[in-house]
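Residue numbers for the sequence shown follow my numbering, so the first one is 4 and each next one is one higher. Every residue gets a Cβ at the ideal spot worked out from N, C-alpha and C, and that includes glycine. None of these values were measured; they are calculated from a predicted model. A quick write-up on the structure given underneath.
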Amino acid sequence: MTAATTQKTVQIKNYIGGKPASALGGETFETLNPATNKVLGQVAQGGAEDIEMAAQAAKEAFDRGPWRKMSVAERAEVVSKIGDLILERKEELATAESLDTGKPITESLTGDIPRSALNFHFFAKFAASQAEELYSNSINGVNERHLAIREPLGVCGLITPWNLPLYLATWKLAPALVMGNSCILKPAEWTPYTAFLFSEIASQAGLPPGVFNLVNGFGPGSAGEALTLNKAVASISFTGETTTGKAIMKNCAQSLKKVSFELGGKGASIIFDDADLDTAIETSLRAAYRNQGQICLAGSRLFVQEGSFKKVRDAIKAKVEAIRVGDPLDSNTEMGALVSKEHLEKVQSYIDLGKKEGKLITGGERIKELGEGNFLRPALFEGLPYDSRLCQEEIFGPVLPIIPFKTEEDVLAMVNSTDYGLSTSIWTENVNRAHRVSRDLEVGLVWVNCWFARDLRTPFGGQKSSGIGREGGNHSLDFFSETKTISYRYK
Ligand code: NAD
């Protein structure tokens, strides 16, 4: 028996006003282990009344608690302590994340969890280092000083997806908290485990009660929708599907909430003939299949210039066939299980369609030897038209179409033809070409000779249907605050 099959059922509660809480209606739902499809945890199923209770606790903490009145430097100490405590509990959090999502433990241990800690360490240091804006002028003997300050928004609603659960929740929590807000987090229903463990950390780090609140539940007609409709909530920061973003925006319009959206993607890797092919192949493989292909930034279309197409296709095929798919808790596993049966079925339906419209070069079948879990052999296609559904829609699974191209113009037209505009990698040794193509890509993030390179100070987000607004550095601090200008006139 593997570790993935021997877990006890965990109790995952809400966390409101500084205490764990069952749902007011007493309801629960199950979260499953994607590697076995057995029950991993019983989760409190929050609804509108739980959101209302959390909103009152958050508002009370904001209006009368100490958090908002503390200086940024004082809050940064607590925020930084949260990062320390995440690192102290790294093994436990990584195991929980892999059990809940199906991702390989090495990814949780070296990626998701350290990055969650870094989000707190980064924003603590960054926010504390930002000076307020001050402008002076003097006209006809009249002197003026204009000071722009940031103030917290109030109660911030945070709604997150299942693919990088703690990593993406903390990417919102860290800037929201350091700016002095109170928060209500609604994590994805498929992966609620680490958010609940986080509530213990928040309390241990010294966050005053009501500053961090957690309400579990579903989206439409449940906790998610209630959060977007609650009048005490000033803003919604959302990461998830584009269609969900549209529904949330409609609800937020009713009370004019500030919104930030990080939505779907259909990224690409473009390999030119003059690229360092070995590095391009290795990295494009990772860009397509990491986290079972369930990454918004995935290079989920691979465009290869004609002169290198055969070499790249054959190399990628061999590497895809060598990917070790298995128990997410085994440190040798390179690809784990897809997050749920429903999601697996959606991905399989794209594979079935791809077999009709193009040629499946390898993979694409369920791995029955691994039991009842959502294991799929990574799939590679060729011969799919660039405007086919597999090349246009977000599949969010280990499925990669490889497409040849002749010229820069051809590839730009194909890459830009989707509704999405999140990210693209370009592989070339020609710096002029890299610059030209970067400027013509309709995306928020371009990587030249790399993938997933990040400096947390830089803006992160998508164009077109991939989002509204940017996160990172001052972009996050701006979103989680109101600015106020105070002007002085003196002699
Ligand atoms: P989803 O939109 O189905 O759900 C995300 C969250 O929204 C969940 O917590 C869900 O309960 C909630 N929700 C659903 N309907 C709602 C409603 N009507 N009102 C309020 N809340 C609602 O997305 P998902 O399937 O969890 O995540 C995958 C998607 O997230 C993909 O499209 C992926 O590209 C995107 N994503 C984007 C980024 C980015 O940075 N751009 C990062 C990660 C994931």
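query	result
Can you give the Cα-Cα distance for arginine 153 and aspartate 281, rounded to whole angstroms?	47 Å
Is any heavy atom in ligand 1 found nearer than 7 Å to the beta carbon of tryptophan 450?	no
Quick check: what's the CA-CA separation for threonine 365 versus leucine 332?	26 Å
Suppose the cutoff is 7 Å on Cβ atoms and the five residues either side in sequence are ignored; what does the same chain contact list for leucine 96 look like?	Ile89, Ile116, Leu169, Thr197, Leu200
Less than 8 Å between the beta carbons of threonine 39 and glycine 329, yes or no?	no
Do serine 225 and glycine 29 have their C-beta atoms closer together than 8 Å?	no
Among residues of its own chain, excluding the 5 on either side of arginine 71, which ones have a beta-carbon nearer than 7 Å to its beta-carbon?	Phe65, Pro155, Gly183
Below 8 Å on the Cβ atoms is my guess for alanine 440 versus glutamate 411; work out the distance and round it to an integer in Å.	The sequence as given places valine at residue 440; alanine does not occur at that position. Indeed, because the Cβ distance is near 6 Å, the residues count as touching under 8 Å.
Nearest by alpha-carbon distance to isoleucine 54: which of Glu372, Gly160, Ser74, Glu147 is it?	Gly160
In this structure, does DSSP put glutamine 466 in helix, strand or coil?	strand
Three-state secondary structure (DSSP) at tyrosine 170?	helix
DSSP three-state call for proline 178: helix, strand or coil?	helix
Can you name, in chain order, every residue of its own chain whose Cβ lies under 8 Å from the Cβ of threonine 427, other than the five neighbours on each side?	Gly270, Ala271, Ser272, Ile273, Gly302, Val418, Leu444, Val446, Leu448, Val449, Trp450
Any chance you could list the alpha helix (DSSP H) runs of at least 4 consecutive residues sitting entirely within the region 291–366, in chain order?	309–325, 344–360
At what residue ranges does the region 211–290 contain a whole run of the beta strand (DSSP E), taking only runs of 3 or more?	215–217, 236–242, 261–265, 271–274
Could you work out which residue in Asn216, Lys189, Ile319, Pro190 is closest to serine 202 when comparing CA atoms only?	Asn216
Using beta-carbon positions only, say whether valine 75 and alanine 131 come within less than 8 Å of one another.	yes
Taking buried to mean at least 16 other C-beta atoms within 10 Å of its own C-beta, is glutamine 295 buried or exposed?	buried
Quick check: the Cα distance between leucine 266 and serine 468, rounded to an integer number of angstroms?	7 Å
Out of curiosity, what's the CA-to-CA distance linking alanine 205 and cysteine 299?	28 Å
What does the alpha-carbon distance come out to for the pair leucine 425 and glycine 465?	4 Å
Grab the span of the beta strand (DSSP E) containing isoleucine 3 for me, first residue to last.	Summary: the structure shown does not reach residue 3, with the chain confined to residues 4 through 494, and so no result is reported for it.
Output needed for serine 391: all residues of its chain with C-beta closer than 6 Å, excluding positions within five of it in sequence on either side, in chain order.	Glu360
Against chain D, does serine 141 count as a neighbour if the rule is that its beta carbon must be under 8 Å from one of theirs?	No chain D appears in the structure shown, which is made up of a single protein chain.
Please determine whether the Cβ atom of isoleucine 162 lies at a distance below 7 Å from any heavy atom of ligand 1.	yes
For the candidate residues Thr194, Phe455, Gly472, whose alpha-carbon lies nearest to that of leucine 288?	Phe455
In angstroms, rounded to a whole number, what distance separates the CA positions of glycine 476 and arginine 442?	23 Å
Quick one: give me the first and last residue of the alpha helix (DSSP H) that glutamate 55 is part of.	51–67
Taking the beta carbon of tyrosine 423 as the centre, do at least 16 other beta carbons fall within 10 Å, making it buried, or is it exposed?	buried
Go ahead and label asparagine 122 buried or exposed: buried means 16 or more other beta carbons lie within 10 angstroms of its beta carbon, across all protein chains shown.	buried
Could you check where the beta strand (DSSP E) with threonine 104 kicks off and where it finishes?	Looking at the DSSP string, threonine 104 is not in any beta strand (DSSP E); the run it does join, the alpha helix (DSSP H), is 93–104.
Could you give the first and the last residue of the continuous alpha helix (DSSP H) run that contains cysteine 394?	392–395
Please list the terminal residues of the continuous alpha helix (DSSP H) segment that includes glutamine 207.	196–208
Reducing DSSP to helix, strand and coil, say where glutamate 412 ends up.	helix
Rounded to a whole number of angstroms, what is the C-alpha to C-alpha distance between lysine 11 and valine 42?	9 Å
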